[in-house]
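Residue numbers (my numbering), protein chains in the order written: chain A, 852 to 1084; chain B, 535 to 822; chain C, 5 to 409.
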Amino acid sequence: MALLETDVLTAFYGDFQALFGISFAIDAGETVAIIGANGAGKSTFLKSLAGLLPRPAASVRLDGRDIGALPAYDIVKLGVALVPEGRRLFRSLSVEENLLVGAYGRHGDGPWDLNAVYQLFPVLRERRATPSTALSGGQQQMVAIGRSLMSNPRILLCDELSLGLAPIVIRDIYAALADIKARGTSVVLVEQDLAHAMAVADRAYCFQEGRVSLTGRPKDLTRDAIHAAYFGL
Amino acid sequence: MLGWVDTLLQGVLLGGLYSLYATGLSVIFGIMRLVNLAHGDLIVLAAFVMLALTAVGVPLWLAVVIVVPLMFAAGYALQSALLNRTLGRNILPPLLITFGLSIIVQNGLLESFSADTRRLDVGPVQSASLPLGGGIAIGLMPLICLGAAIAVIVLLNSVFYRTALGRAFRATSDDVEIAQLMGINNKTIYALTMGIALAVCAVAGYFLGARAGFDPSVGPARLLYAFEAVIIGGLGSLWGTLAGGIVVGVAQTVGAHINPEWQILSGHVAFLIVLVIRPRGLFPRAVD
Amino acid sequence: MAVDQTNLTPLGLRLRAALHRGASLIRAGADRAAKASAAVNRAGFGKIHHRPARFTVTTATRESTLTALLAGLAVAVLIALPSFAGRGLLQELFYVFTMLALAQLWNLLAGCAGLISVGQQAFVGIGAYALFAFTLMAGLEPVLAIILSGLVAGLVAIPAALIVFRLRGAYFAIGTWVVAEVCRLILAQVKQLGGGTGTSLPPDIVDSVIGLHFVRDLFHVRGPAARDMLSYWLALALAVGAFLLVYKLLRSRYGLALAAIGDAEDAAESTGVDVFRTKLAIYVLTAVATGMVGALIFLQKARISPDAAFSLIDWTANVIFSVVIGGIGTMEGPIIGVAVFYLLQDYLAALGSWYLIILGGLAIVLMLFAPEGVWGVIAHRFNISLFPVRRRLIVATAAADEPKT
Chain A
852 MALLETDVLT
862 AFYGDFQALF
872 GISFAIDAGE
882 TVAIIGANGA
892 GKSTFLKSLA
902 GLLPRPAASV
912 RLDGRDIGAL
922 PAYDIVKLGV
932 ALVPEGRRLF
942 RSLSVEENLL
952 VGAYGRHGDG
962 PWDLNAVYQL
972 FPVLRERRAT
982 PSTALSGGQQ
992 QMVAIGRSLM
1002 SNPRILLCDE
1012 LSLGLAPIVI
1022 RDIYAALADI
1032 KARGTSVVLV
1042 EQDLAHAMAV
1052 ADRAYCFQEG
1062 RVSLTGRPKD
1072 LTRDAIHAAY
1082 FGL
Chain B
535 MLGWVDTLLQ
545 GVLLGGLYSL
555 YATGLSVIFG
565 IMRLVNLAHG
575 DLIVLAAFVM
585 LALTAVGVPL
595 WLAVVIVVPL
605 MFAAGYALQS
615 ALLNRTLGRN
625 ILPPLLITFG
635 LSIIVQNGLL
645 ESFSADTRRL
655 DVGPVQSASL
665 PLGGGIAIGL
675 MPLICLGAAI
685 AVIVLLNSVF
695 YRTALGRAFR
705 ATSDDVEIAQ
715 LMGINNKTIY
725 ALTMGIALAV
735 CAVAGYFLGA
745 RAGFDPSVGP
755 ARLLYAFEAV
765 IIGGLGSLWG
775 TLAGGIVVGV
785 AQTVGAHINP
795 EWQILSGHVA
805 FLIVLVIRPR
815 GLFPRAVD
Chain C
5 MAVDQTNLTP
15 LGLRLRAALH
25 RGASLIRAGA
35 DRAAKASAAV
45 NRAGFGKIHH
55 RPARFTVTTA
65 TRESTLTALL
75 AGLAVAVLIA
85 LPSFAGRGLL
95 QELFYVFTML
105 ALAQLWNLLA
115 GCAGLISVGQ
125 QAFVGIGAYA
135 LFAFTLMAGL
145 EPVLAIILSG
155 LVAGLVAIPA
165 ALIVFRLRGA
175 YFAIGTWVVA
185 EVCRLILAQV
195 KQLGGGTGTS
205 LPPDIVDSVI
215 GLHFVRDLFH
225 VRGPAARDML
235 SYWLALALAV
245 GAFLLVYKLL
255 RSRYGLALAA
265 IGDAEDAAES
275 TGVDVFRTKL
285 AIYVLTAVAT
295 GMVGALIFLQ
305 KARISPDAAF
315 SLIDWTANVI
325 FSVVIGGIGT
335 MEGPIIGVAV
345 FYLLQDYLAA
355 LGSWYLIILG
365 GLAIVLMLFA
375 PEGVWGVIAH
385 RFNISLFPVR
395 RRLIVATAAA
405 DEPKT
């Protein structure tokens, strides 16, 4: 039984349909990448998983249990944490306060606390009292990841970690990601950066206009297949 | 000269009262982006409930101790049962619901208590005064009121800035969607916020009743003073709200000093002036 | 909001069936009218373009053409009414018409432009005081004074707008209230107009309304009755005028701009809508019209005081309530809402404070369960629009008889 799975998941923004029946699964310890062009529905999918968008009943299951009706603040307590696109740190909170807020919805016991996060991202410890708005893009991304880790998630949903970051910073972020994986956390990774995504993923899904257009293990997917699935050509 | 110093002092003390009116409003708007049009009427309601309790023999201090948590519960219920159902971008539903509530409270009080002006009997401290030398004296009650305003702000700030719950409040105020991702139930936060606001209203009601007369119809004017204090002070800062209250208070006493009929008008004019030259207020913190 | 069909009683079911029949009758009748006008439309299009038009943008619905005819008929009857109606009815209708005018104007401001103001009483009061000033102090003829009073209100609206437009949302609302309070407090200082206690219009001024003698002689009535007739006609003119003004505005380019501003101001700005000027124009325009209504109301009362002229309850709370109960943002809403409100007042006003408590409770219940108002529920359920302002794209294909919305 998969840790988290969806069954023909749909999503709407008002009258506009963004997802047309996504079927998806991730097992414990796996890293799954979701790739696709802008507007394909990748972020929408993560938001649906995290409970920020209304889901039809019986469309999302965690440990076999239907969580479609649960609000976001209950889902994080079950161990599903979303690192949102664009970082979205709390502007009037400092770095440390941002991290501490992440612990509000703690899912039981686990390896992640303030010290563990500072060990993962040492630069944050130096800047613990800085207002979150005064950080660089890469540091903000670290805070965002750390904040979500503070809830000790079983599954970490990462939305566009590399967005707007310099390559050297992206490398650091992905190094940290490896650390997170090593502790047994499952990761769903939405990425525009194909190279990094495919390098770390055990499996990949490609979204195209709200539908899954391709799925498989990265080493099994050819460049041409990915291209076709990406752009729908 | 003496007259002006006295006027300024009275204005500052009056500002303490207005700050108490305004603090609840400031908190609600800061966290929920909501304006409660019944805010002033709820202050008056608290005063009347205290009055009613004293009328059946409850000592006033006990009445206050009872009414403050009672109003907290009422605020929690109001938000949970009514206002949480109208969350969203459209401001009209909450505006109209609180407007309807304002009318209900005003007229309910009118039916229950008649339109007579009442006062809370605080005993001899009512007319006690503190001489400051040079012929100037300030009332003890207004001074205590200012002290209470400051105490409330210190208390609220320590909750907001030193506790996990306070972090949750501030996170909700910053980005309610992401706050939910942190496990924060925004509906509960809103209900607690409204509870806090109404508890502060209860304290304000006590000082309203202690300092001056009140009747069922004085609510809307309190709302306007509170609103002006919040805007002048700048959104997002409780100390700013205190400053805003003092500005309104001083404007009113200065205006009254020139011509007693100009008291309220002066407050409004000061508000409009600040709005024109510093639209974000004197000490803005939050960026909307 | 669909009616829950499983819970209707037999009476409810019959009622529902009757409403359905009524709606389809209206539609059938309107169908004929619409087909005729559509044919005219097509013919017109054929003349202007070299190629036949592939699509048209229209606001007319099947029901709207019929409704327009009926409305015209109703107005004709209303104009003729004073020749056979009693003074009592005329006075009640005066109240209804002035409320209707105010309701439509507030609806334009708040429902269509998104400028939710709880301070329109400022312009009612300014209009009223300007009228008293123009007639008492300048000796002008009252109808001329009404028009000028509207302009005065509009002039005041300009600096007021510049100030309150710095606020948004609910704070804008309270800001308008503060402006109204400032107006009230300032005018209460003007001793020549009665100061805090107010003043009255002497009979010779009240009787100097243009056409009074003509009406008196034509209908063989005495002065006061003739006055009531004239006031009635003026009120009717303002109500119909307000309606036409709002209707034309919403169907014009301005209407599109307003809808865009109401939806997403920044987005509207980026598509070239001059948000500030548009908001200012609407605010000032409604102030002028509101001022004229206020002037007329207090001309009829012949007595003014700051509290009455700037009453929050009379000129804002009641107006907002009427619009909301009828259906905010629609043309039909204020009409229905004023009617409902008037009936409520008639039956319940005797209850005093309890009447207001019930009204407040109704407002709450309305916002929780039917925020779109009576007309909103009907329009949704039966998909009709009597005075439509939404534009619909009609793609003309060979088989299309039914326009697609």
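For each residue, glycine too, the CB sits at the ideal point set by N, CA and C.
### Query
With residue 996 of chain A and residue 934 of chain A assumed to form a contact (beta carbons below 8 Å), what rounded beta-carbon distance in angstroms separates them?
Here residue 996 of chain A is taken as the residue at index 145 of the first sequence, counted from 1. Here residue 934 of chain A is taken as the residue at index 83 of the first sequence, counted from 1. Contact flag correct, Cβ pair sits at about 5 Å.
### Task
Note down, in chain order, each residue of its chain lying with its Cβ closer than 8 Å to the Cβ of residue 272 of chain C, except the 5 sequence neighbours on either side.
For the purposes of this step, residue 272 of chain C is taken as residue 268 along the third sequence, with counting starting at 1. Take residue 272 of chain C, set aside five residues on each side of it, and the residues of its chain with a beta-carbon closer than 8 Å to its own are 261, 264, 265, 279, in chain order.
### Query
According to DSSP, is residue 1005 of chain A helix, strand or coil?
In the first sequence, the residue the question calls residue 1005 of chain A occupies position 154. In the structure shown, residue 1005 of chain A sits in coil (DSSP, three-state: anything other than H, G, I, E or B).
### Task
Locate the beta strand (DSSP E) running through residue 969 of chain A, then write down its first and last residues.
The count along the first sequence starts at 1 and reaches residue 969 of chain A at position 118. Premise fails: residue 969 of chain A lies in the alpha helix (DSSP H), 965 to 971, not in any beta strand (DSSP E).
#### Entry: Residue nearest to residue 1059 of chain A in terms of C-alpha spacing, selected from A:1082, A:1072, A:1018
On the first sequence, position 208 is the one that residue 1059 of chain A refers to. Residue 1059 of chain A has its Cα closest to that of A:1082, out of A:1082, A:1072, A:1018.
### Task
Might you give, ordered along the chain, the residues of its own chain that have their beta carbon closer than 7 Å to the beta carbon of residue 85 of chain C, omitting 5 neighbours on each side?
Position 81 of the third sequence holds residue 85 of chain C. Nothing meets the Cβ criterion.
### Query
Does the beta carbon of residue 236 of chain C sit closer than 8 Å to a beta carbon anywhere in chain B?
Locating residue 236 of chain C in the third sequence gives position 232, counting from the first residue. It does not; no Cβ of chain B falls within 8 Å.
### Task
Put residue 168 of chain C into one of helix, strand or coil per three-state DSSP.
Position 164 of the third sequence, counted from the first residue, corresponds to residue 168 of chain C. Helix, per DSSP.
### Query
By a C-beta neighbour count over all protein chains shown, 10 Å radius and 16 as the cutoff for buried, is residue 419 of chain C buried or exposed?
Beyond the ends of chain C as shown, which are 5 and 409, falls residue 419 of chain C; an answer cannot be given.
### Query
Does the beta carbon of residue 986 of chain A sit closer than 8 Å to a beta carbon anywhere in chain B?
Counting from 1 along the first sequence, the entry for residue 986 of chain A is found at position 135. With 8 Å as the cut-off, residue 986 of chain A does not count as an interface residue toward chain B.
### Task
May I have a chain-ordered list of the alpha helix (DSSP H) segments no shorter than 4 residues that lie completely inside the segment 59 to 116 of chain C?
66 to 84, 91 to 110
### Query
How would you list, in chain order, the residues of chain B whose beta-carbon sits under 7 Å from the beta-carbon of residue 923 of chain A?
Position 72 of the first sequence, counted from the first residue, corresponds to residue 923 of chain A. Under the 7 Å cutoff, chain B gives 714, 715.
### Task
Run down chain A in chain order and give the residues with a C-beta less than 8 Å from the C-beta of residue 702 of chain B.
Translated into positions along the second sequence, residue 702 of chain B becomes position 168. Those within 8 Å of residue 702 of chain B in chain A are 952, 955.
### Task
Scan the segment 637 to 655 of chain B for residues whose Cβ lies nearer than 7 Å to a Cβ of chain C and list them as they occur along the chain.
637, 638, 641, 642, 644, 645
### Query
When we look at the beta-carbon of residue 252 of chain C and count the other beta-carbons within 10 Å, is it buried (16 or more) or exposed?
Working through the third sequence from its first residue, we reach residue 252 of chain C at position 248. Residue 252 of chain C counts as exposed, since fewer than 16 other beta carbons sit within 10 angstroms of its beta carbon.
### Task
Establish whether the CB of residue 193 of chain C and some CB of chain B are separated by less than 8 Å.
Position 189 of the third sequence holds residue 193 of chain C. Taking Cβ atoms only, chain B reaches closer than 8 Å to residue 193 of chain C, which makes this a yes.
### Query
Which full runs of the beta strand (DSSP E) of 3+ residues lie inside the segment 616 to 684 of chain B, going along the chain?
663 to 667, 670 to 673
### Query
Relative to the alpha-carbon of residue 713 of chain B, which residue among A:1047, A:899, A:999, A:986 has its alpha-carbon at the smallest distance?
Start at 1 with the first residue of the second sequence, and residue 713 of chain B comes out as number 179. Closest option to residue 713 of chain B, Cα to Cα, is A:999.
### Message
Quick check: the Cα distance between residue 54 of chain C and residue 61 of chain C, rounded to an integer number of angstroms?
### Response
Walking along the third sequence from the start, residue 54 of chain C turns up at place 50. Walking along the third sequence from the start, residue 61 of chain C turns up at place 57. Note that residue 54 of chain C scores a pLDDT of 46, beneath 50, so its modelled location is shaky; the value from the coordinates is reported in the next line. Cα to Cα, the separation comes out at about 18 Å.
### Query
Between the segment 741 to 751 of chain B and the segment 671 to 685 of chain B, do at least 3 Cβ pairs fall closer than 8 Å?
yes
### Query
When you compare only the Cα positions, how much space is there between residue 319 of chain C and residue 609 of chain B?
Within the third sequence, numbered from 1, the residue matching residue 319 of chain C stands at position 315. Within the second sequence, numbered from 1, the residue matching residue 609 of chain B stands at position 75. So the two alpha carbons sit approximately 30 Å from each other.
### Task
Mind checking who residue 913 of chain A pairs with in its DSSP beta bridge?
In the first sequence, residue 913 of chain A corresponds to position 62, counting from 1. Per DSSP, the beta bridge partners of residue 913 of chain A are A:855, A:916.
#### Entry: Three-state secondary structure (DSSP) of residue 727 of chain B
Indexing the second sequence from 1 puts residue 727 of chain B at position 193. Residue 727 of chain B falls in the helix class under three-state DSSP.
### Query
Exposed or buried, residue 792 of chain B, counting other C-beta atoms within 10 Å across all chains shown (16 or more means buried)?
By 1-based counting over the second sequence, the position of residue 792 of chain B is 258. Exposed.
### Task
Determine the contact status of residue 718 of chain B and residue 705 of chain B, defining contact as a CB-CB distance below 8 Å.
By 1-based counting over the second sequence, the position of residue 718 of chain B is 184. By 1-based counting over the second sequence, the position of residue 705 of chain B is 171. Contact: yes.
### Query
How many angstroms separate the CA atom of residue 187 of chain C from the CA atom of residue 611 of chain B?
Taking the third sequence and counting its residues from 1, one reaches residue 187 of chain C at position 183. Taking the second sequence and counting its residues from 1, one reaches residue 611 of chain B at position 77. Using only the alpha carbons, I get a separation of about 37 Å.
### Message
Let me see if you follow: with CB-CB separation under 8 Å, is residue 49 of chain C close to chain B or not?
### Response
Walking along the third sequence from the start, residue 49 of chain C turns up at place 45. Residue placement at residue 49 of chain C is flagged as unreliable, the pLDDT there being 41, under the threshold of 50; a coordinate-derived value is accordingly withheld.
### Query
Any idea what DSSP makes of residue 596 of chain B, helix, strand or coil?
Numbered from 1 along the second sequence, position 62 holds the residue referred to as residue 596 of chain B. If DSSP states are grouped into helix, strand and coil, residue 596 of chain B belongs with the helices.
### Task
Reducing DSSP to helix, strand and coil, say where residue 953 of chain A ends up.
For the purposes of this step, residue 953 of chain A is taken as residue 102 along the first sequence, with counting starting at 1. DSSP places residue 953 of chain A in helix when its eight states are reduced to three.
### Task
Using only alpha-carbon positions, find the residue among B:749, B:811, B:605, B:659 that is nearest to residue 653 of chain B.
Translated into the one-based positions of the second sequence, residue 653 of chain B becomes position 119. That would be B:749, whose Cα lies nearest to the Cα of residue 653 of chain B.
#### Entry: Residue from A:983, A:854, A:931, A:940 with nearest C-alpha to residue 959 of chain A
The residue given as residue 959 of chain A occupies position 108 in the first sequence. That would be A:931, whose Cα lies nearest to the Cα of residue 959 of chain A.
### Task
For residue 687 of chain B, return the contacting residues in chain A, with the cut-off set at a CB-CB distance below 8 Å.
As a position in the second sequence, residue 687 of chain B is number 153, starting the count at 1. Going along chain A, no residue has its Cβ under 8 Å from residue 687 of chain B, so there is no contact; the nearest lies around 17 Å.
### Task
Under 8 Å by Cβ, that's how I've got residue 1008 of chain A and residue 900 of chain A pegged, so tell me the actual separation to the nearest angstrom.
For the purposes of this step, residue 1008 of chain A is taken as the residue at position 157 of the first sequence. For the purposes of this step, residue 900 of chain A is taken as the residue at position 49 of the first sequence. Right, the Cβ-Cβ distance comes to about 6 Å (below 8 Å), so this counts as a contact.
### Query
So who's on the other strand from residue 887 of chain A, going by DSSP bridges?
Translated into the one-based positions of the first sequence, residue 887 of chain A becomes position 36. A:1058, per the DSSP bridge assignment.
### Query
Are there 16 or more other CB atoms within 10 angstroms of the CB of residue 217 of chain C, so buried, or fewer, so exposed?
Here residue 217 of chain C refers to the residue found at position 213 of the third sequence. When all chains shown are included, residue 217 of chain C counts as exposed.
### Task
Give the secondary structure of residue 876 of chain A by DSSP, where H, G and I count as helix, E and B as strand, and everything else as coil.
Within the first sequence, numbered from 1, the residue matching residue 876 of chain A stands at position 25. Residue 876 of chain A falls in the strand class under three-state DSSP.
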